[in-house]
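Asks: Once you've had a glance at the structure underneath, I'll fire off some questions.
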Amino acid sequence: MMMQKQGLYSPEFEHDACGIGFVVNIHGKRTHQTVKDGLKILANLAHRGGEGSDENTGDGAGMLLQIPDAFFRKVCPEENITLPQAGDYGVGMVFLPRQSDAREKCMRVIDKAVEEEGQVVLGWRDTPVNESTIGQTAKENRPYIAQVFIGRGDKTKAGIAFDRALYVIRKKIRSSRPALMSAFRAVSR
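For the sequence shown, position 76 matches number 75 in numbering that gives the first Met the number 0, and the numbering has no gaps at all.
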């Protein structure tokens, strides 16, 4: 039974298998509880239709978090990546082809776009993946997951100007070589 139009509610905007959740700290405080609450919402939205053909493969829903600066300061030295102060670097979370030659081509396109926008590639990090917990369908189709660390260029002001440069880089990458980049996904926003 459809509800009747009332106030701002209109049944024409109802859609099946749709759900989204937000958990935020309005003061910007980073806590693990926020992550736990987000995972709880995700578990409660299983009815939304975001499940795959096997029980351990989902729709790839994720969480958008602040850059975990303290964590990256621990792991980046292992990759010979030196990070500037927080706010002076961005992290691109990218899905790349698993074939090494295609992956290298995509990485070169990304590096070039960063350079063209006057920013600096600080380095690349292979993102660890625990395949023991994902379904067979996900294993067979998973991309190569990497992080590209981008430093603010000398001629770019901190803050919104740097954010804008990162946005332009992402747009430039997506439109640069459509055939090559069809297997590429920038999941960072």
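Glycine included, every Cβ here is placed at the ideal spot set by N, Cα and C.
Starting from the Cα of residue 76, find the closest Cα among 163, 92, 122 and give me that residue.
Replies: The residue labelled residue 76 in the question sits at position 77 within the sequence shown. The residue with the shortest Cα to Cα distance from residue 76 is 122.
Asks: Would DSSP call residue 5 helix, strand or coil?
Replies: Indexing the sequence shown from 1 puts residue 5 at position 6. Residue state, collapsed to three classes: strand.
Asks: Output the boundary residues of the alpha helix (DSSP H) element that contains residue 94.
Replies: Walking along the sequence shown from the start, residue 94 turns up at place 95. Here residue 94 belongs to no alpha helix (DSSP H); instead the beta strand (DSSP E) covers 88 to 95.
Asks: Does the distance between the C-beta of residue 111 and the nearest non-hydrogen atom of the ligand NAD fall short of 7 Å?
Replies: The ligand NAD is not part of the structure shown, which contains no ligands of any sort.
Asks: Quick one: any contact between the segment 160 to 174 and the segment 125 to 136, if contact means 3 or more CB pairs under 8 Å?
Replies: In short, these stretches do not touch, since the Cβ pair count stays below three.
Asks: Just to confirm the assignment: which complete alpha helix (DSSP H) runs, minimum length 4, are found wholly within the segment 95 to 127?
Replies: Runs of the alpha helix (DSSP H) inside the segment 95 to 127: 99 to 115.
Asks: Check whether the segment 96 to 109 touches the segment 54 to 69, counting contact only when three or more Cβ pairs, one atom from each stretch, lie closer than 8 Å.
Replies: Counting Cβ pairs under 8 Å, fewer than three are found: no touch.
Asks: Give me the residue from 2, 10, 124, 168 with the minimum Cα distance to residue 116.
Replies: As a first step, residue 116 must be located in the sequence shown, where it is residue number 117. Cα-wise, what sits closest to residue 116 is 168.
Asks: Any idea which residues DSSP pairs residue 143 with across the strands?
Replies: By 1-based counting over the sequence shown, the position of residue 143 is 144. Bridge partners of residue 143: 95.
Asks: Around the Cβ of residue 12, are there at least 16 other Cβ atoms within 10 angstroms (buried) or fewer (exposed)?
Replies: On the sequence shown, position 13 is the one that residue 12 refers to. Answer is exposed; the Cβ neighbour count stays below 16.
Asks: Which residue marks the beginning of the alpha helix (DSSP H) containing residue 38, and which one marks its end?
Replies: The residue labelled residue 38 in the question sits at position 39 within the sequence shown. It spans 31 to 43 - the alpha helix (DSSP H) in which residue 38 sits, taken as one unbroken run.
Asks: Going straight from the alpha carbon of residue 37 to that of residue 25, what length do you get?
Replies: For the purposes of this step, residue 37 is taken as the residue at position 38 of the sequence shown. For the purposes of this step, residue 25 is taken as the residue at position 26 of the sequence shown. In a straight line, the C-alpha of residue 37 is about 15 Å away from that of residue 25.
Asks: If I follow the unbroken alpha helix (DSSP H) through residue 82, where does it start and stop?
Replies: As a first step, residue 82 is located in the sequence shown; it is residue number 83 there, counting from the start. Segment: none, residue 82 is in no alpha helix (DSSP H) and carries neither H nor E.
Asks: Quick one: Cα of residue 127 to Cα of residue 73, how far?
Replies: Residue mapping note: residue 127 aligns to position 128 of the sequence shown, counting from 1. Residue mapping note: residue 73 aligns to position 74 of the sequence shown, counting from 1. Rounded to whole angstroms, residue 127 to residue 73 spans 14 Å at the Cα level.
Asks: At the level of alpha carbons, what is the spacing between residue 141 and residue 92?
Replies: Here residue 141 is taken as the residue at index 142 of the sequence shown, counted from 1. Here residue 92 is taken as the residue at index 93 of the sequence shown, counted from 1. Approximately 14 Å between the Cα atoms of the pair.
Asks: Here's the rule: buried if 16 or more other CB atoms are within 10 angstroms of the residue's CB, otherwise exposed. What is residue 85?
Replies: Locating residue 85 in the sequence shown gives position 86, where the first residue counts as 1. So residue 85 counts as exposed.
Asks: For residue 66, name the three-state secondary structure that DSSP assigns.
Replies: The sequence position of residue 66 within the sequence shown is 67, counting from 1. Correct three-state label for residue 66: coil.
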